[in-house]
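In what follows, a single structure is set out as structure tokens and then discussed.
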Amino acid sequence: MAQAQSRVIVNQAVAQFDGPNGPVTTESNETLVGEDNTPLRIVKTADRAAAEPGDVVIYRILISNPSTRIAAPLTVTDQLPRGLRYVPNSVQTTPQQPTGQTLTDSNLTLTFAALDPGASISVAYAVLVTPDAVQGDGRNVAQAAAPGFAPVTAPFQIAVRPGIVSDCGTIVGRVFVDRNFDGQQQAGEPGVPNAVIFMDDGNRILTDPDGLFSLINVLPGYRVGTLDLYSLPGYTLAPNLYRIEENSVSRFVRLSPGGLGRMNFAVTPTFGEEQS
Amino acid sequence: MNQRQWIGWGAIALTIPGAGLAIAPALGQSALPGYGLRVTSPLDAPVAADDVLTLREALELANGTLTPTELSPAEQALVEALPPGQGSQISFALPEGETTIALTDLLPEIVAPELVIDGTTQAGYDAEDTYDPKFPPAPAVTLTVAEGSEVARGLTIAADGVTVRGFSIYGFRTEDRATQTTPPSDIFVGKALPVDSSPLSLEFDLSFLEQSEDAPRGVVIEQNWLGLTADGEFPAVPSAFGVTVFNAVETTIRNNRIQYHDGSAIITGFRADGSQIAENAIIANGLAGMPDAIRLEGAIAATAITNNLICANDGSGIYLYKPEGAAQITGNDIQFNGRRFERAAVYVMGSDHQLNDNFIGYQPGPGVAVTAFPLSHRNQIRGNRYAELDGLSIDLNTQGNTGVQDFQKGDGPNPPRNSYHRRRETGNAAINAPQFDRYDFTPDAAAVTLTGTADPGSEVDLYRVNETESAYSPLAEPLGTVTTTAEGTFSASLDLPPGTRVSAIATDPEWGTSEPAAVATVLAADGTRPELPATPMERPNCSPPAPPPPPVEPPAPLAPLRLQIPRNIHFALDRSNISPESAAVLNQIAGAMLEYPFLTLELHGHTDPRASAAYNLALSERRANAARDYLIRQGVPPERMRILPFGLTQRRTQGSSRIDFARDRRVEFIFTDLRGFDIIFREQETDLQLE
Chain A
0 MAQAQSRVIV
10 NQAVAQFDGP
20 NGPVTTESNE
30 TLVGEDNTPL
40 RIVKTADRAA
50 AEPGDVVIYR
60 ILISNPSTRI
70 AAPLTVTDQL
80 PRGLRYVPNS
90 VQTTPQQPTG
100 QTLTDSNLTL
110 TFAALDPGAS
120 ISVAYAVLVT
130 PDAVQGDGRN
140 VAQAAAPGFA
150 PVTAPFQIAV
160 RPGIVSDCGT
170 IVGRVFVDRN
180 FDGQQQAGEP
190 GVPNAVIFMD
200 DGNRILTDPD
210 GLFSLINVLP
220 GYRVGTLDLY
230 SLPGYTLAPN
240 LYRIEENSVS
250 RFVRLSPGGL
260 GRMNFAVTPT
270 FGEEQS
Chain B
0 MNQRQWIGWG
10 AIALTIPGAG
20 LAIAPALGQS
30 ALPGYGLRVT
40 SPLDAPVAAD
50 DVLTLREALE
60 LANGTLTPTE
70 LSPAEQALVE
80 ALPPGQGSQI
90 SFALPEGETT
100 IALTDLLPEI
110 VAPELVIDGT
120 TQAGYDAEDT
130 YDPKFPPAPA
140 VTLTVAEGSE
150 VARGLTIAAD
160 GVTVRGFSIY
170 GFRTEDRATQ
180 TTPPSDIFVG
190 KALPVDSSPL
200 SLEFDLSFLE
210 QSEDAPRGVV
220 IEQNWLGLTA
230 DGEFPAVPSA
240 FGVTVFNAVE
250 TTIRNNRIQY
260 HDGSAIITGF
270 RADGSQIAEN
280 AIIANGLAGM
290 PDAIRLEGAI
300 AATAITNNLI
310 CANDGSGIYL
320 YKPEGAAQIT
330 GNDIQFNGRR
340 FERAAVYVMG
350 SDHQLNDNFI
360 GYQPGPGVAV
370 TAFPLSHRNQ
380 IRGNRYAELD
390 GLSIDLNTQG
400 NTGVQDFQKG
410 DGPNPPRNSY
420 HRRRETGNAA
430 INAPQFDRYD
440 FTPDAAAVTL
450 TGTADPGSEV
460 DLYRVNETES
470 AYSPLAEPLG
480 TVTTTAEGTF
490 SASLDLPPGT
500 RVSAIATDPE
510 WGTSEPAAVA
520 TVLAADGTRP
530 ELPATPMERP
540 NCSPPAPPPP
550 PVEPPAPLAP
560 LRLQIPRNIH
570 FALDRSNISP
580 ESAAVLNQIA
590 GAMLEYPFLT
600 LELHGHTDPR
610 ASAAYNLALS
620 ERRANAARDY
630 LIRQGVPPER
640 MRILPFGLTQ
650 RRTQGSSRID
660 FARDRRVEFI
670 FTDLRGFDII
680 FREQETDLQL
690 E
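Protein sequence lines correspond, in order, to chains A and B.
Take the first sequence: its letters are residues 0 to 275, numbered as in numbering that gives the first Met the number 0.
Take the second sequence: its letters are residues 0 to 690, numbered as in numbering that gives the first Met the number 0.
In structure tokens:
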């Protein structure tokens, strides 16, 4: 093996078979073992580690060829995470210019004619952070590839902070004594003050003297709230004679970004608390 | 605040038209033939042409869903046609010793107007066997649930003028199931509700609630024992609620004994205008549910609660929860309540209520609390007597206080009104408590002149105060009334012995009654302050009056009691059931309680420190409640026991081994000797339960 280190072994497979038009010979591609297979090198950085919606982030990619072979052609692709968008015409490369450039919303592909051994190319471009980025992971992967080279990737992650633009929603609701067991509050069905509602994220909400509550800045998505019956001694959840779903002990709300959800709890006087 | 109201009205506007579209069914007001019916069988079998008439058959005959022609000749002999226009009458001729009607299913709702169901017609009923109308004689007919069955309601009354008399009704409740149930009760007044929301339940149309003329009118419930057996025992299966006046007007509930319910003795629902609740004994209710003895909600205009004994219930005696309309509460004895929740004896929400001439005492909370929200004005609270309260005799919540405690115990003495805006955020419009000019008054030759200030134009009721614990001790006895001048001063000359402590309340017809004044003392002529002898602590007692003459008790030996009984029981991990070993301990405790009537008991529930504080608080309450439940079944009067849950706050041990946790999981029994002596005890852990 030590001797084979400096030798290049060429390997090619050949297959023959009898086709309808007589014998056919096909040859595979050549593979080179023991060749100089030093990969390309790619480094990705940005001008900041954290960004908020509205910010412009400048990414820099440095691709260098430490091998003794020419990488031709060289393809550089960059995949952006959710909510980040290229600023048009912001790509700058040095020292050579790309021969081809494809740009979609979240994908940038640059093609260079060749990268000589020991040479390097620097690519810089700008990206706009949109409010959608809050829901993404902010992780961005650049990739360089050339024939005869294994593809190399370089990730970079920026922390996306919500910023002053928020897509949080609001949950409103009420806790009331249901006298006709329909789950809705009508005249003569008073609210219950100081009832406690627990949210799935641990928020503890107290109703006001009219039995109403509202909760702002709720992250959108599926939210669940439940009534803490220990906070209203003598009451339990009222049966709902019209909608089976509202007999549940918890309320399930799909809150869209910036949306409004409702969680109503109907209660009725109780008995039988001794069951343990 | 304005925004809130807009939200509320929006919801109402959206929902009412939908409900109002449907047409209310007629409530059986058409002329039904009247029968005299004699029930001869306690069985609860399906309707059949056999030899005997059951209660179910009798009710169906009265309702018109069964005709006499469908009966056997033997049954027809028990049916007697009455002249037209007369309501049916159900009487009882059950065989001797078989007077318990055990239901296996709901009875049909009563839609026959003027029906009289009279349990006093059964042979063996002794109408003379009573000394107090609040404690009617023991019923001869029992209506209960067959063992192993679940029946939500005893009698459901949906017709005008129905009378239910002389029954023992107990055991009506529902078990845990997929959904909650509508409130079960011994007697339900109003059109029947489905028990739960399962697909098998009745089709249910709510529109009848909107029409007040469809509500049953003039139902009478009298001389029944609700919630306890005909022997006066705690039943094996307690009832959920006593009487639910769900949707009825001018219901009369009088001379009943209502005891041992999980929830309230009497609770109103949607509409209960003109209810008359008179001369009932309402004892030891709210044991495991809504804790208040009488809970008035919904429309209650012109309701009167008169001359009842309301004793040893777990929460308030009377709780008016955001009602519509005013109630009159007169002449009741409201005492030893708040066994489980430290609430006001009477909690008032709403305006124009009148509380007059009641005795309110022995409550771990204030006597009468008036809420700050919703706005509650012109509540007249006069002529009442108070004793042994933990709070003010009359507590007006102020400054819009709406915390958890404010809706249970009130918020204590108010500062004087310093702004007109206080009127809008204080019960009874922040009428100022009277203020005496001095903390002590020296008498003249014959009388002492008490002077002070109060709101101009108000009437000041002066009271004698017997207890000496605080400046706001309960108002024991009215001494008289004076009117304040236009300048807001008052003056009264009274002949009071030196050492008397006095207080006062002010009442303005426009605003209501105030909190009591800080106590002033009448000095001796030489300026000294003589101590009056303390009144002895009263023993908790809700029992029916003893037959006169009372037996002469031998004078109790006045020596400290030596109790060789354990004072704690232990529980398994996350359990609140009583183990056989704990039961043996509880038997000893019950024995001591029954032997020494001057003992009272506090049950302190505790847990080990694992799990959350809120969960452990609930668990400790269940443990204390289970122990009390056992003691009640052993015959210990509930008025002598009080529950205090402590959760994980007071551990028995310091360590974290299994045995330490086992010692933490306990109920402690704190005995008090009302004669004022200490008691000598010993510890036990024979019933320790390791995990």
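Backbone N, C-alpha and C define an ideal beta-carbon position, used for all residues, glycine too.
In this text, all values refer to a predicted model and were calculated from it rather than measured experimentally.
| Item | Value |
| --- | --- |
| Chain-ordered chain A contacts of B:Gln688 [CB-CB under 9 Å] | Per Cβ cutoff of 9 Å: no residues; B:Gln688 is ~14 Å from chain A at best. |
| Presumed contact (8 Å Cβ cut-off) between B:Leu449 and B:Arg463, rounded CB distance | About 12 Å separates the two Cβ atoms, so there is no contact after all. |
| Expected contact under 8 Å - CB spacing of B:Gln404 and B:Tyr361 to nearest Å | Not confirmed; about 20 Å, so no contact. |
| Beta-bridge partners of B:Gly479, as assigned by DSSP | B:Leu461 |
| Assigned secondary structure, B:Gln663 (DSSP; H/G/I helix, E/B strand, else coil) | One detail in the question is off: residue 663 of chain B reads as Asp in this sequence, not Gln. If DSSP states are grouped into helix, strand and coil, B:Asp663 belongs with the helices. |
| Reduced DSSP secondary structure (H/G/I, E/B, other) of A:Val13 | strand |
| C-beta atoms of B:Ile588 and B:Phe668 nearer than 9 Å | yes |
| Those residues which DSSP pairs with B:His376 across a bridge | None, per the DSSP bridge assignment. |
| Closer than 9 Å to chain B by CB, A:Arg160 | no |
| Extent of the continuous alpha helix (DSSP H) run through B:Pro579 | Pro579 to Glu594 |
| Nearest-angstrom Cα separation, counted from A:Glu272 out to B:Phe171 | 15 Å |
| Cβ-based burial, A:Phe16 [other Cβ within 10 Å; buried from 16] | exposed |
| Own chain, CB closer than 7 Å to B:Ile6, minus 5 neighbours either side, in chain order | At B:Ile6 the pLDDT is 40, less than 50, meaning the model places this residue with poor confidence and gives no usable figure here. |
| For A:Thr269 and B:Pro182, the rounded distance between their alpha carbons | 7 Å |
| The beta strand (DSSP E) enclosing B:Ile317, as first and last residue numbers | Ile317 to Leu319 |
| C-alpha distance - A:Ile8 paired with A:Ser66, whole-angstrom precision | 18 Å |
| 9 Å Cβ cutoff met for B:Ala48 and B:Leu77 | no |
| B:Asp628 - containing alpha helix (DSSP H), residue span | Ala612 to Arg632 |
| Through-space distance from A:Leu83 to A:Arg59, alpha-carbon basis | 15 Å |
| Within-9 Å CB hit, B:Arg223 to chain A | One point to set straight first is that residue 223 of chain B is Asn, not Arg, in the sequence displayed. Output row for B:Asn223: interface = no. |
| CB contact below 9 Å: A:Gly170 versus chain B | Note on residue identity: the sequence assigns Ile, not Gly, to residue 170 of chain A. No, A:Ile170 lies away from the interface with chain B (no Cβ there is under 9 Å from its Cβ). |
| Between the CA atoms of A:Ala194 and B:Gly27 - distance to the nearest angstrom | Caution applies to B:Gly27, whose pLDDT of 43 falls short of 50 and renders its modelled position unreliable; the model cannot decide the point. |
| Counterpart residues of A:Tyr234 in DSSP-defined beta bridges | A:Pro268 |
| Closer than 9 Å to chain B by CB, A:Pro192 | yes |
| Buried or exposed (CB count within 10 angstroms, at least 16 for buried), A:Thr37 | exposed |
| Contact with chain B by A:Ile41, beta-carbon distance below 9 Å | no |
| Opening and closing residue of the beta strand (DSSP E) in which B:Ala386 lies | Arg384 to Leu388 |
| Coarse secondary structure for A:Val176, derived from DSSP in three states | strand |
| Where B:Ser513 falls, given that 16 or more other Cβ within 10 Å makes a residue buried | buried |
| Chain-ordered chain B contacts of A:Tyr229 [CB-CB under 8 Å] | Ala613, Leu616 and Ala617 |
| Backbone CA spacing between B:Arg381 and B:Asp389 [nearest angstrom] | 20 Å |
| Contacts around B:Val584, its chain only, beta-carbon distance under 7 Å, and the 5 residues preceding and following it disregarded | Pro565, Ile568, Gln683 and Asp686 |
| Chain-ordered chain B contacts of A:Thr267 [CB-CB under 8 Å] | Gln179, Thr181 and Pro182 |
| A:Glu26, buried or exposed, once every other Cβ within 10 Å from all chains shown has been counted against 16 | exposed |
| B:Asp405 in three-state terms, based on DSSP | helix |
| Classification of B:Tyr124 by the beta-carbon crowding that lies within 10 angstroms, buried from 16 upward | buried |
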